[in-house]
Amino acid sequence: MTVLRNKRLNSIADLDDMRKELLSLRRPSAKYVNVCTGPGCAAKGSPKLYELFCEAAQQADVDVEILPKAVGCHGLCEYGPIVLIQPGDIFYQRVEEPDVAEIFRETVLGGRLVERLLYENPDTGRKVETADKIPFYKVQKRIALAYNGLIDPTKITDYIAMGGYSALAKVLSSMTDEEVISEVETAGLRGRGGGGFPTARKWRSCKEAKGSPRYVICNGDEGDPGAFMDRAIMEGNPHSVIEGMLIGAYAIGSSDGYIYVRNEYPLSVERLKMAIEQAKELGLLGENILGSSFSFDIRINRGAGAFVCGESTALMASLQGRTGEPRAKYIHTVESGLWEKPTNLNNVETWANIPAIINEGGKSFASIGTEKSKGTKVFSLVGKVVNTGLVEVPMGITLRQIINEIGGGIAGGKRFKAVQTGGPSGGCIPEEHLDARVDFDELIKLGSMMGSGGMIVMDEDTCMVNVAKYFTNFLKEESCGKCTPCREGLSQMLYILDRITDGEGQAGDVERLEELAELLEGTALCALGKTAANPTMSTIRYFRDEYDAHIKDKRCPAKECRGLFHYEIDPEACKACGICMKNCPVDAITGEKNVPHVIDQKKCTLCGTCWEKCPFAAVLKV
Amino acid sequence: LTTDSGFNILVDLSRLRIKKVTQNMAQNDNILEQIVARYDGEVGMLIPMMQDIQSEYGYLPPDHLHSLAKLLGLPLSRLYAVATFYSSFRLAPKGAHDVTLCVGTVCYLKGSGAISEAICREFRVEPGGTTPDRLFTFQAVNCVGACAVAPVMIVDGKYYDGVTTASALEVISGLAKDRETVQKDGER
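Protein sequence lines, in the order shown, are assigned to chains A and B. Position 563 of the first sequence, counting from 1, maps to 563 under the working numbering, and the rest follow consecutively. Position 65 of the second sequence, counting from 1, maps to 65 under the working numbering, and the rest follow consecutively.
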């Protein structure tokens, strides 16, 4: 493929020729080894696997072409590292370094399966060969993640060969700016960053706003803890974001773009930088793109570690080299945003959906989903489910389906308690509402929100008051401090929640929390503050009994809040091994050989060491 | 940033202003000017410039901030505001190693709060701070986006998934042992 390097594409015909040439270079006999290097698999050491496959391919003295590829997230992170072999789409899970040689010898060269590395369906106990037979993938529908896991994100040629930049070509050759916007309108696309604002309406307002230049921004400041959808897209298929931005910029009439990436995602920055350079080399970014009169360039800015910068006006302040403090939006950013110019900001996933909408048509996109929420949504399904990972589902699917069918239910045979959506601005949804559909408006009715797509599943061991405290603390730390309700209100809420989880809750505390919540919602300056009380309010709404247990009975039903439960040794289960005695830091445990041990409650500091160390689970939380 | 170090830096900065530090500036100017030129001296690119200074030195040395403010024609207070607003900026040198523990929701639910406490206790460090022996800088961050394999700890860029208190402490203790070996080898 070296022949194609540095060749500027001066027309749409050039792009088509390049694609044809790329495809013709692919030998039908070639074998591909796709090693997932997404966030989860990479954390489990998959980049090393990729290197080993590359070495093996180089050393193999065979006539066939063997192409190892480091690809983006496959989604089923729990079973990572994942390796896919083509042809055959053979899906290997939990691959470790010593397995590489065997996979190479047996499957790649020999065409035989390595049974032990196949996924086992927990319901049937049968091994399955390909991803489409795994229940986790069955109900999913991939649009934004369509090429994640198939292409090498570091090679623009891979993206182009799969049809990449054809949507851009279509727009430049046959669509007016207004036609692009109405196509997105037909699709019914709504902002994937959480707010759910209709994308086409935003574009049109920006296009019609007075002033120039106009700016286009991609918000990659994915700050919600428990969410990594945007990271997976930026790292797995960065060109889809760039292509989306190009199309948006064309529709709006902008020639300057920014991508603002979170500081904690160094690999996203690297991948996007590389993608932008490659696009520039080919003339897909820069002056006179594909020989047209349209010019557009993108700059990357790294965040510096402030959650509030995910808010659009704070992000723009940050891009201007200031502290990330939001402003009141009496005037929308589409009219006066970055440097007081019309600015259109969309989230990573929103941008990544655009090429597919242009290629397949808005109608096709709108055929998926509910009446007011169209298309698909990517979620990071994490917490206490069996199959943690990245999933893309059609809107309108129920939460129960996501958790049970895709997520495989609750891990460790525990009972489901709640699912938290929407990040720190969202809420906790209990079992009775699990049949609610994934839909922007429906989730808001339940006191939560779609958010950017974090979906954290909690089981019976999770204390809901503690969850509220966690998010309140998070937001208190991340509050920029500009407006009083948020700065002081959150501190007070945390103070009350702290007191409740310490067993010092007072009658009327819940009402005080509700009052503060109302104040925040009504008076805070930005969305961070306005929604900051959601975690507390939703847990009060659905788990009031847990608050009451903490306040009135000084008891934590989930046995998580230290001081609101104690440890006892079950004499039946105790094998009198002495391990807890040895490990107790305050010598609160007594006992002898063959005599069940006992904890002296007066001495016990509730540190939990005995509970962690007991090999027979004889230490109980009571 | 702890209030203490922030305050000290302010004092340092005002001293520098009086002394009009000239010695260090000669060397700094070169690197600083390169960094400023990289962004065409655009005030809007202040944060990237400061990020570049930090990646060069591991922190934001006060005299560099002073020079940068001059070069850009900005009040020093503006740079100080930015440096203290964003959590990734450091006004004091960091340790030999970087230990980052994720305390995002999922990691927290799976026990990273307790791990953080244990690290702080064992190595006498605070989140955001550096150990007294400068062995490592400890950061407890909100989500590194690897929730599927929580809890996650990152040591010098290497990810450790599914860590426990014991395994986290073991990894960090390994850093200390490595240093001892290096020092011993040096003595020989």
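Cβ coordinates follow ideal geometry from the N, Cα and C atoms, glycine included. Since this is a predicted model, take the numbers as computed values, not measurements.
Three or more beta-carbon pairs separated by less than 8 Å are not found between the stretch 223-236 of chain A and the stretch 195-212 of chain A, which leaves the two stretches without contact. For Leu74(B), no alpha helix (DSSP H) segment is defined, and its DSSP state is neither H nor E.
Nearest to Glu122(B) by alpha-carbon distance, out of Ala140(B), Glu170(B) and Gln54(B), is Glu170(B). Here the alpha carbon of Gly529(A) sits roughly 18 Å from the alpha carbon of Asn142(B).
Non-local beta-carbon contacts of Arg499(A) in its own chain, meaning distances under 8 Å to residues more than five positions away in sequence, involve Gly505, Gln506 and Asp509 in chain order.
Excluding the 5 residues flanking it on each side, Pro424(A) has same chain C-beta neighbours closer than 6 Å at Phe471, Phe474 and Leu475, in chain order.
With the rule of 3 Cβ pairs closer than 8 Å, the stretch 145-157 of chain B counts as touching the stretch 381-391 of chain A. The continuous alpha helix (DSSP H) containing Phe543(A) extends over residues Asn534 to Ile551. Sixteen is the threshold: when 16 or more other Cβ atoms of the shown chains lie within 10 Å of the Cβ of Tyr108(B), as they do, the residue is buried.
For Gly163(A), the closest alpha carbon among the candidates Tyr79(A), Val308(A), Phe379(A) and Asp17(A) is that of Asp17(A). Closer than 8 Å to the CB of Gly104(B) there is at least one CB belonging to chain A. A Cβ-Cβ distance of about 7 Å is found for the pair Gln86(A) and Lys31(A), placing them in contact under the 8 Å criterion. Taken through DSSP and simplified to helix, strand or coil, Arg299(A) comes out as strand. Pro122(A) sits away from Glu405(A), with the two beta carbons spaced by 8 Å or more. Restricting attention to Glu65(A), Ala13(A), His74(A) and Val64(A), the CA atom closest to the CA of Thr37(A) is found in His74(A). Neighbours of Tyr86(B) across chain A, judged by C-beta separation under 7 Å: Ala304, Gly305 and Ala306. When only Cα atoms are considered, Ile247(A) and Phe565(A) end up about 58 Å apart. Here Val334(A) is buried, its C-beta having at least 16 other C-beta atoms within 10 Å.
Short of 6 Å from the beta carbon of Pro198(A), and not among the five residues preceding or following it, lie these beta carbons of its own chain, in chain order: Arg190.
For the set Ile357(A), Pro68(A), Arg299(A) and Lys554(A), the Cα lying nearest the Cα of Tyr215(A) is the one of Arg299(A).
Using a Cβ-Cβ cut-off of 8 Å, Ala42(A) counts as an interface residue toward chain B, since at least one Cβ of chain B sits closer than that to its own.
Counted as a single uninterrupted DSSP element, the beta strand (DSSP E) harbouring His597(A) occupies residues Val595 to Ile599.
Nearest neighbour of Ala167(A) by Cα position, chosen from Ala60(A), Leu117(A), Gly125(A) and Tyr250(A), turns out to be Tyr250(A). For the beta strand (DSSP E) assignment, the stretch 170-219 of chain A encloses no uninterrupted run of at least 3 residues. Apart from the 5 residues on each side of it in sequence, Ile410(A) sits with its Cβ closer than 6 Å to the Cβ of Lys384, Phe416 and Asp459 in its chain, given in chain order. By the rule that beta-carbons nearer than 8 Å mark a contact, Gly58(B) does not touch chain A. Per the Cβ contact rule, the stretch 142-149 of chain A is in contact with the stretch 236-243 of chain A (3 or more Cβ pairs under 8 Å). Listed along the chain, the chain B residues whose CB falls inside 7 Å of the CB of Gly383(A) are Val106 and Leu109. Judged by DSSP in its simplified three-state form, Glu392(A) adopts strand.
If you draw a straight line from the Cα of Asn466(A) to the Cα of Ser173(A), it comes to about 56 Å. In terms of beta-carbon proximity, Tyr80(B) stays away from the interface with chain A, with every pair separated by 8 Å or more. Taking a Cβ-Cβ cut-off of 9 Å, the neighbours of Ile456(A) in chain B comprise Thr105, Val106, Leu109 and Cys147, given in sequence order.
Every alpha helix (DSSP H) of 4 residues or more that sits fully in the stretch 68-147 of chain B is shown, in chain order, as 76-85, 105-109 and 112-123. For Leu497(A) and Val103(B), the gap between their C-alpha atoms comes out near 19 Å.
For the stretch 303-334 of chain A, the set of positions with a beta-carbon nearer than 9 Å to some beta-carbon of chain B reads Gly303, Ala304, Gly305, Ala306, Phe307, Cys309, Ser318, Leu319, Gln320, Gly321, Arg322, Thr323, Gly324 and Glu325 in chain order. Nearest to Asn10(A) by C-alpha distance, out of Ser292(A), Arg116(A) and Gly80(A), is Ser292(A).
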